[in-house]
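> Top line first, the protein sequences correspond to chains L and U. Residue 42 in our numbering sits at position 40 of the first sequence, with consecutive numbering throughout. Residue 125 in our numbering sits at position 123 of the second sequence, with consecutive numbering throughout.
Number of protein chains: 2
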Amino acid sequence: MTSHTDVDARAVDTATRLRAAGLRVTDSRRAVVDALIERPHASADELFAVVARTLPATSLQSVYNALGDFVDAGLARRIEPAGRPGLFELRVDDNHHHLICSQCGAVEDVDCVVGAAPCLTPADAHGYAVQVAEVTFWGICPACANAASTAGEPAASVAARP
Amino acid sequence: MTSHTDVDARAVDTATRLRAAGLRVTDSRRAVVDALIERPHASADELFAVVARTLPATSLQSVYNALGDFVDAGLARRIEPAGRPGLFELRVDDNHHHLICSQCGAVEDVDCVVGAAPCLTPADAHGYAVQVAEVTFWGICPACANAASTAGEPAASVAARP
DNA sequence: ATCACTGTTTTGAGTTACTCAAAACAACGC
DNA sequence: GCGTTGTTTTGAGTAACTCAAAACAGTGAT
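1) Spell out whether any CB of chain L is found under 8 Å from the CB atom of U/C103.
2) So the beta strand (DSSP E) U/A135 belongs to, where does it begin and stop?
3) Hey, how far is the Cα of L/C143 from the Cα of L/H43?
4) In this structure, how does DSSP classify L/C103 when only helix, strand and coil are distinguished?
5) Smallest Cα separation from L/D29: which of L/V53, L/D15, L/A23 and L/E40?
6) Specify, as a first and last residue, the run of the alpha helix (DSSP H) that L/L25 falls within.
7) Name the chain L residues whose beta carbon is nearer than 8 Å to that of U/A44?
8) Who are the neighbours of U/V94 on chain L, taking C-beta pairs under 8 Å?
9) Comparing the C-beta of U/G85 with each C-beta of chain L, is any distance below 8 Å?
10) Beta-carbon within less than 6 Å of U/T4's beta-carbon, same chain only, minus the 5 sequence neighbours each way: which residues are those?
11) Taking U/V134 and U/N97 to be in contact with their CB atoms under 8 Å, please state how far apart those CB atoms are, rounded to whole angstroms.
12) Identify every residue that forms a DSSP beta bridge with U/P42.
13) Quick check on the DSSP output: the alpha helix (DSSP H) that includes L/D74 runs from which residue to which?
14) How many angstroms separate the CA atom of L/A149 from the CA atom of L/Y130?
15) Would you identify the three-state DSSP class for U/D36, choosing helix, strand or coil?
16) Given a limit of 7 Å on CB to CB distance, which residues of the region 132-151 of chain L reach chain U?
17) Look up L/E91 in the DSSP assignment and give the residues it is bridged to.
18) Whole angstroms are fine: how far does the CA of L/V27 sit from the CA of U/E91?
19) Suppose the cutoff is 6 Å on Cβ atoms and the five residues either side in sequence are ignored; what does the same chain contact list for U/S64 look like?
20) Excluding the five sequence neighbours on either side, which residues of its own chain have a C-beta within less than 7 Å of the C-beta of L/G117, listed in chain order?
21) In chain U, what lies closer than 7 Å to L/V112 by C-beta?
22) Give me the DSSP bridge partner(s) of U/V109.
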């Protein structure tokens, strides 16, 4: 019973967030934000596919434009795991890290590492003014582990790394 | 007076290492190893340029082949900092990390992070079997910091990130 | 030293994940 | 509604690779 109101509320909220960031509110930008909510660690291509479902006239380039603008405006963050295209997420400004399945590519957020802000100080900074530390954990997700033990094949859902 | 002997010793050593890894010893592979010794965090293109100085007939593809074979054989490691091409290094099997200048792209090795093996355990592993943790520190190198404070321009040496 | 076998290199084409630019279009303030 | 300026579309262009076939060369056996 609340779905219509919820969608409206989210739409209004999205519009406000876009405007607050100095960006004009357009259909495709709204659709890209919605796609990012639906798929929190997706590539431009994947987001384009999601956007195209509701807005078939949109171009991939527009999705790239929107994502680039979002990143510049601090509304979205771009991560780039080795061997994969850039992935985008709305979680921003909390310096969280990522846990990625080396088989199926699934991505999970990791709030922080055990211990007190551990990964912010290298043993030897070589005179650098260190600004951020990026941590990526690589492992096997439960689904792939399961698939490997029961059958012979992994549970491919995203692109597998060779 | 020892330079000739040193070069021979290194050459022999390189040949042995290649053979031990099950790889045939060829001129281009030796040249790629030498290039990797000279430039410890270089891209395939950069290594190709170094190799081409002594072996002008070599193709870029051969450098890619050699590097791929080295990585497969565990002789080299490939890192892929966000927004940059893949970089290769001979330091392998010690799980060290990297400190990268976000202005000029300079790369330093970082032995480990302060504290006891801190970056190996995410706060919540989401059921994943975590295998490795990759840490990348981004900062400003001394040269760029200097250049920024004295002049208006950074000390560009590698490719700058926008 | 030569040969055959098999791995390596070269050449050339193809792909992915983008970026750049110009012209058509649309949001927003008036 | 209208003009301004930002956005989207279209289309071309690029970097950093990967793939494949044919020419070539290391290696162990002879």
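All C-beta atoms in this analysis are idealised placements derived from N, C-alpha and C, irrespective of residue type, glycine included. The model shown is predicted, which means the values in this text are computed figures rather than measured ones.
Well, looking at it:
1) yes
2) A131 to I142
3) 15 Å
4) strand
5) L/V53
6) That residue, L/L25, is in no alpha helix (DSSP H); it is neither H nor E in DSSP.
7) Those within 8 Å of U/A44 in chain L number zero; the least Cβ separation is about 17 Å.
8) Simply none; closest approach about 16 Å.
9) yes
10) With a pLDDT of only 42 at U/T4, under the threshold of 50, the placement of this residue in the model should not be trusted, and no figure is reported.
11) 7 Å
12) The partner list for U/P42 (beta bridge, DSSP) is empty, contrary to what the question assumes.
13) L62 to A75
14) 44 Å
15) helix
16) V132, Q133, V134, A135, E136, V137, T138, F139, W140, G141, I142, C143, P144 and A147
17) L/R79
18) 46 Å
19) S30
20) Summary for L/G117: the model assigns pLDDT 47, below 50, so the residue's position carries little reliability; its value from the coordinates is reported in the next sentence. Nothing meets the Cβ criterion.
21) P124, A125 and D126
22) U/I102
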